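Chemist:
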Amino acid sequence: MSDYLPILVFALLAAALPLATILIARALQSRKPNPAKLEPYECGIEATTFALDTRFSVRYFLIAVLFVVFDVETIFLFPWAVMFNRLGLFGLIEMLIFLTILVIGYFYVWKRKALDWA
Amino acid sequence: MKVSASDWLLLSPELFLTAAGLLILSISAFFDKAKEEFLAFLTLLFVGVAIGLVAFLSGYGGRGAPIFAGMFIVDNFAIFFKLLMLVSIALTVLASIQFVGRAPYPAGDYYALLLFTGVGMLFMVSGNNLVSIYVALELMALSSYILAGYFKLEIKSTEAALKYFVLGAFSSGVLLYGLSLVYGIAGRMGLPDLAKLFESQAKSNLLLVGILLILAGLLFKIAAVPFHVWTPDVYEGSPTPVTAFFSVGPKLAAYAILARIFYVGFPKFHADWGLIIALVSAATMVFGNVAALLQTNVKRMLAYSSIAHAGYALMGVLGFRTEFGLWGILVYLLAYTFMNFGVFALVVFLETKGYAAESVADFNGLARRNMTAAVVMLVFLLSLAGIPPTAGFIGKYYLFTSAMKAGYAWLAVLAVLMSALSLFYYFRIAAAMFFSEAEGAPLKSSYALTAAVLICAAATVIVGVAPQPFVEMLRACVIKAP
Amino acid sequence: MTGAQAVPGALLTGAAGWLFVIFAVLALGMAIAVVVARNPIHSALFLLSSFLLVACIFILQQAEFVGAVQILVYAGGIMVLFLFVIMLVHQRGVRERLTFQHQWDVALLFVLAFLLPFLYVLWTERFPDLPQNLDAFRTVRGKIAGNTQAVAWVLYRDYLLPFEVASVFLLVAMIGAVVLGKRSAEKVD
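Chains as they are written, first to last, in numbering that gives the first Met the number 0: chain A, 0 to 117; chain B, 0 to 481; chain C, 0 to 188.
1) Report yes if the CB atom of Leu61/A is closer than 8 Å to the CB atom of Lys181/C, and no otherwise.
2) So, for Ala20/B: in the same chain, excluding its five sequence neighbours on each side, which residues have a beta-carbon less than 7 Å away from its beta-carbon?
3) Which residues in chain A have a C-beta closer than 8 Å to the C-beta of Ser131/B? List them in chain order.
4) Excluding the 5 residues flanking Ser421/B on each side, which residues of the same chain have their C-beta closer than 6 Å to its C-beta?
5) Taking its Cβ as the centre, do 16 or more other Cβ atoms sit within 10 Å of Met94/A, making it buried, or is it exposed?
6) Is Ile184/B near the ligand ZN, going by C-beta to nearest heavy atom under 7 Å?
7) Please state if the CB of Leu214/B and the CB of Leu180/B are separated by a distance shorter than 8 Å.
8) Would you tell me roughly how many angstroms separate the C-alpha atoms of Leu98/A and Ala165/C, rounded to the nearest one?
9) Could you check whether the Cβ of Trp7/B sits closer than 8 Å to any Cβ belonging to chain A?
10) Which chain A residues are close to Leu21/B, counting only those with a beta carbon under 7 Å from its beta carbon?
11) If I'm right that Gly177/B touches Gly209/B with Cβ under 8 Å, what's the distance once you round it to whole angstroms?
12) Pull up the CB-CB distance for Ser358/B and Val297/B, whole angstroms please, since I reckon it's below 8 Å.
13) On a Cα-Cα basis, can you pick out the residue from Glu72/A, Ala19/A, Leu12/A that is closest to Met173/C?
14) Are Thr239/B and Glu153/B close, meaning C-beta to C-beta below 8 Å?
15) Using 8 Å as the limit for Cβ to Cβ distance, is Ala83/A near chain B?
16) Counting contacts by CB-CB distance shorter than 8 Å, is Ala33/B in contact with chain A?
17) I need the DSSP call for Val6/C, collapsed to helix, strand or coil.
18) So Ser156/B and Gly167/B are in contact, right, with Cβ under 8 Å, and what is the actual spacing, rounded?
19) Taking His269/B as part of the alpha helix (DSSP H), name the residues at either end of that continuous run.
20) Going along the chain, which residues of the stretch 3-26 of chain A sit with their C-beta nearer than 8 Å to a C-beta in chain C?
21) Check the Cβ of Trp79/A against every Cβ in chain C and list those closer than 9 Å, keeping chain order.
22) With burial defined as no fewer than 16 other Cβ atoms inside 10 Å of the residue's Cβ, what is the status of Arg30/A: buried or exposed?
23) I'd like to know whether the C-beta of Asp108/B is nearer than 8 Å to at least one C-beta of chain C.
24) Cutting at 6 Å between CB atoms, please list the residues of its own chain near Val46/B, excluding the five before and the five after it.
25) Considering only the alpha carbon of each residue, which of Val34/C, Tyr73/C, Glu63/C, Ile56/C lies closest to His101/C?
26) Tell me whether Gly391/B is buried or exposed, calling it buried when 16 or more other Cβ atoms sit within 10 Å of its Cβ.
27) Is the Cβ of Leu159/C closer than 8 Å to any Cβ of chain B?
28) Could you check which residue in Val120/C, Leu82/C, Glu63/C, Gln60/C has the C-alpha nearest to that of Val67/A?
29) In this structure, does DSSP put Ile66/B in helix, strand or coil?
30) Counting Cβ pairs, one atom from each stretch, are 3 or more of them under 8 Å apart for the stretch 146-158 of chain C and the stretch 57-71 of chain C?
31) Which same chain residues, not among the five before or five after Trp116/A, have their C-beta less than 8 Å away from its C-beta?
32) Over the uninterrupted alpha helix (DSSP H) stretch that includes Arg101/B, give me the two end residues.
33) Rounded to the nearest angstrom, what separates Val110/C and Ala32/C at their Cα positions?
34) Show which residues of chain B have a CB atom less than 7 Å away from the CB atom of Arg58/A.
35) Are the CB atoms of Tyr234/B and Thr242/B nearer to each other than 8 Å?
36) Could you confirm whether any beta carbon from chain C is found closer than 8 Å to the beta carbon of Val173/B?
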């Protein structure tokens, strides 16, 4: 457990740094509120639309789902890689089958034009 | 760990089916809509080969011992279920060819998903370890969610997929929580190992909570009361061949694994889970039948009817350590698969002819327009109601006897009463077919669908008229309780 | 269970025990905040903190691999999905409404109905002898390696087939995303 002591120290430092900058800025800043400062910046022209009015295409979500699938795949690669030497040829073939199945999926996604943006 | 060649051979149907699914998937993008029927025939061929492999294994000497480090087991019980599930997939393909073919969706993906659902189901009934069972179950469930929403331009299909997915994911969470509690207490996951460990230990309440959660998760897949609420909406909204498949395929897998987990893994607690299953069974058959009586939509009525049948089937799990054991449920499921699929296949038939199959009136005068369809439908309805000489009667006979032998006479009496009640709503369809007038030209069915329906009808009649050889064969397929 | 000389929580003594209490209480607090927050973006951020705290608990149990999975998949991947969903459905007006908090009284009843028996069971349970030494989770062939190595050793040997089934599962997830998520106009060739 004591291996994690440096990480804990690091985490505390990482938390302290942004907190400190925010607090110091707050202490030093001068406050002159003004409605124009809260407007979204559009080259000085008044904004005509509201940010939340635009809806995003479902294709973003499709990409996100595919990302998660491949993310999970990497998780399986990781322990295999650290034990590669001892799992030997058996492990290699096993992982090749695993990857082949997913590459077929990638091929399918490609052929169905799910990655095309036009 | 040692993996011998015989281990691979024993799981060859699953491995073959996986490869088949991958092949269909990767070539499906190259087929345009007009040539997709070829993919359906290819799928049928692959399922046929898998059936052949399972049939070969039924005579193979090496079966019955745990394989792959205890992850799986291929015993007679698993072989029976695998055969039945593969047949249900083949029937689904037959019923889908026209239905999916004319819809604006690529059919190749559909058949691939059907095969992957099959892979999940086949691995599941062979599962001998909580992890292998869970992974296989999830594969089956995820593929089914997608199949339910396959007709995504139809709002009801999307609704079905969404409801199925949200409730299914929740029930998987409950199941997984139960599995993790059991693992946390036992520190092992092989079913026989669990039984061995619990034999020497005092009862633990936390363990019982874990077992209860596992039971709840599995009862959801079976659609038993109070975990049935998803069924009518999903059955109504899904593409009808998919509904037909849901009402048999995944349910078979769920019954099988319920029996295996509780018979092999938790025999010590049979008094506890036995009582719960008996109560659930009673509630399910009462609720399913009463609700079916009140329906006007045919698909929903059949959904409630299959809930009621889940209630009957659960009686077959109660014969723990009696001479019947799981015999009753095996005979019953053999009958149920064919008769229930057959009923839904006829709804598919009406839908391909432009009827929405929304109301009983769609069956009006079917006898005049297609006598064969009407007679066959009558056979299925009689069988569902449990009237001799149909398979449904034989199934129910063995089921009720097994409940009596297990000391649940009250449950058997209730089931007989409920079967009588079910006659009313089955009769409504029969009456519409034969006694109502309807104009219109004769309806002709496609060859594939006709084949599916006739296979179901033949099985229903043959098992009903000459049950002896089947029943005897199934006697050797039960799991022996330790 | 009989012969339970093991005290609940014996796995985590001293400073580690206190850390566990801190992480657990914070994780629960964040989880409650996810449900009661009015702004879905805030809910998502609370969920992220909850995921990270759970990862800390895993690491505390010396299950480093699961901890890493928790961060990579949940805090990384699943969070992205949540943010995308919020982006897709989040329109003006949604933020001000209490979308999912209509039935909180019924929900509370169900939570209590589930929680109280559970607490009772946990309270009265006498836990069996858990592996007292956590080294069991990082041993390969009797030699101490790391948790990830131990997971790999079991996963790629004993759990060979479930592992391959998992890849079919991921494949089906991909098919599902394409079949259901792709716009139908492009669907038909």
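Heads up, the beta-carbon is just placed ideally off N, CA and C, and yes, glycines get one too. All of these numbers come straight from a predicted model, not from anything done at the bench.
Modeler: So, to answer that:
1) yes
2) One detail in the question is off: residue 20/B reads as Gly in this sequence, not Ala. So the qualifying residues of the chain are Ala111, Leu114, Phe115, Val118.
3) Result: empty, since nearest Cβ-Cβ is about 16 Å, beyond 8 Å.
4) Asn288, Ala384
5) buried
6) This structure lacks the ligand ZN; in fact it carries no ligand of any kind.
7) no
8) 11 Å
9) no
10) Ile100, Ile103
11) 5 Å
12) 7 Å
13) Glu72/A
14) no
15) Inspection of the sequence shows that residue 83/A is occupied by Phe rather than by Ala. Judged by the 8 Å Cβ criterion, Phe83/A is not in contact with chain B.
16) no
17) In this prediction, Val6/C scores a pLDDT of 40, lower than 50, which makes its location untrustworthy; no coordinate-derived value is stated.
18) The pair is not a contact, with the Cβ atoms about 16 Å apart (cut-off 8 Å).
19) 269-292
20) Tyr3
21) Ala151, Leu154, Tyr155
22) exposed
23) yes
24) Leu85, Ile88, Ala89
25) Val34/C
26) buried
27) yes
28) Leu82/C
29) strand
30) yes
31) Arg58
32) Looking at the DSSP string, Arg101/B is not in any alpha helix (DSSP H), and its letter there is neither H nor E.
33) 16 Å
34) In chain order: nothing, as chain B lies at least about 15 Å away.
35) yes
36) no
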